[in-house]
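Residue numbers (my numbering): 115 to 448.
No residue lacks a Cβ here, since even glycine has one placed at the ideal position from N, Cα and C.
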Amino acid sequence: MRKTVLLFLIALIPSLFPSLCYSQPYMKKIKVKEEIYVHSKTGFEFPKEIGSFNRGFVVAFDKGKENIGVTYDGGSTQATVYVSKSDFSYEDRLKDQFFEKLRSIMYVWNTNPIDGLKVDISCISMPSGKYNLQGLSGKFAANDKQSLISMYECGHWMFQIRISDSNLETNLDSLEVQLRSAFNPECLVSSNPLGEKIQMNVQPAALADSLLTVSVMAQALAKIAWVQNNVDPVQLQAGIPSMNLEYQLYGIEGALAFALEDRVSSSESTRAMIGYLKAVKKAGYLEEMLSERRNGCIIIPEGTVLDYDGYHKWAKDHPYNGNLLDGYAPLSNE
């Protein structure tokens, strides 16, 4: 699925990117003469040539050379391939880090926060491999050039590709596939995999009232059950597949099955939230709601057709701006 979203950098808050605002981050260029440059921490290989692309230089972003970027020159097209450490794993880690990357680009490019940045987002699944890697891709145009960023969750690492071209007619999606195919991101997972045991991390806000606590716990347990029934434990070594529509839907359905407002104490805001979710379900738009709220960062099963027009019309007549069980008990698998 591909979806266009308008991304805003809210107030350009300096605390989001202190290294960009107040200090020069660590950067060191490394000259490479070898035909293949090998990332010492993972064994990840960067070839000298990829089609029309020639490797330029390697940049280390820390003294231990864990986080690196390697440039590739393709004439009018410039690309950089990144490997970065990502120690803490939780559901939606990929989505959160992907949008953080986009916002950092907005900051560096000085994109007008009022106009925002129009980003064409798509989900990527690599089911042919051992770990069934999942990724996100975003295309956008600014400063008289088009760019693409893709990011893949690889255990304790993230694999990223960034492509820019001054020719607005260049097919960046095809170039991303060409570049990605020259690498083996699965070796990042095998070098430092995540655990196969999922744990629930209940946040203090989930204890605000009994109805919220029960709903949150039921949602998390339903997600765990879906993973146990549908995901090979080996695939969890790459990350929790939280972009799957069925994973998200199973969680909401589980929460609603135990949301018994008349049996437990609850606040007005929690009753409103549960009432809204039940109304969406009754109207038949849970899938559409989940897709919209996740800005298209969701993998829809083949053959599933969503009625966005019907959902938009219904949502206009049933406005709701509150939380919908987001972030109260995130799952993790370190």
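Taking one beta carbon from each stretch, the stretch 329 to 348 and the stretch 357 to 367 have 3 or more pairs nearer than 8 angstroms; the two touch.
DSSP lists 192 and 261 as the beta-bridge partner residues of residue 278. Bounds of the alpha helix (DSSP H) holding residue 329 are 324 to 344.
Taking a 10 Å sphere around the C-beta of residue 369, we find 16 or more other C-beta atoms and assign the residue as buried.
DSSP places residue 210 in the helix class (H, G or I) of the three-state scheme.
Residue 248 is positioned such that its CB atom lies closer than 8 angstroms to that of residue 238. Looking at the DSSP output, residue 186 sits in a beta bridge with 169 and 193. In this structure residue 235 touches residue 411 by the C-beta definition: roughly 7 angstroms separates them, less than 8 angstroms.
Going by beta carbons, residue 302 and residue 156 fall inside the 8 angstroms limit. One thing to note: residue 367 has its Cβ within 8 angstroms of the Cβ of residue 336. Comparing alpha-carbon positions, the option among 189, 282 and 215 lying closest to residue 251 turns out to be 215.
Under the three-state reduction of DSSP output, residue 402 falls in the helix class. The beta carbons of residue 445 and residue 140 sit no closer together than 8 angstroms.
Our two residues, residue 437 and residue 198, have alpha carbons roughly 31 angstroms apart in a direct line. Excluding its 5 nearest sequence neighbours in each direction, residue 401 has C-beta neighbours in its own chain below 8 angstroms: 359, 363, 414, 418 and 420, listed in chain order.
Residue 347 sits in a helix when the DSSP states are folded into three classes.
Taking C-beta atoms as the reference points, residue 350 and residue 164 fail to come closer than 8 angstroms. When rounded, the separation of the alpha-carbon atoms in residue 405 and residue 146 is 44 angstroms. Per DSSP, the unbroken alpha helix (DSSP H) holding residue 292 starts and ends at 286 to 295.
In this structure, residue 310 and residue 244 do not form a Cβ contact; the two beta carbons are roughly 13 angstroms apart against a cut-off of 8 angstroms. Nearest Cα to residue 372 within the set 296, 202 and 334: 334.
Distance between residue 271 and residue 178, taken at the CA atoms: about 15 angstroms. When DSSP states are grouped into helix, strand and coil, residue 249 belongs to the strand group.
Rounded to whole angstroms, the Cβ separation of residue 174 and residue 317 is 36 angstroms, and the two are not in contact under 8 angstroms. Beta-bridge partners of residue 204 (DSSP): 446.
Shown here, residue 141 sits in coil according to DSSP, grouped into three states, outside any helix or strand. As the crow flies, the alpha-carbon of residue 386 is around 51 angstroms from that of residue 153. Around the C-beta of residue 283, fewer than 16 other C-beta atoms lie within 10 Å, and the residue is accordingly described as exposed.
One alpha carbon belongs to residue 211, the other to residue 200, and they sit about 10 angstroms apart.
Relative to residue 255, the option among 231, 241 and 195 whose CA is nearest is 231. Nearest neighbour of residue 242 by Cα position, chosen from 208, 441, 269 and 298, turns out to be 298. One thing to note: residue 321 has its Cβ no nearer than 8 angstroms to the Cβ of residue 191.
Going by beta carbons, residue 378 and residue 325 fall inside the 8 angstroms limit. Residue state for residue 318 is assigned as helix, using DSSP reduced to three classes.
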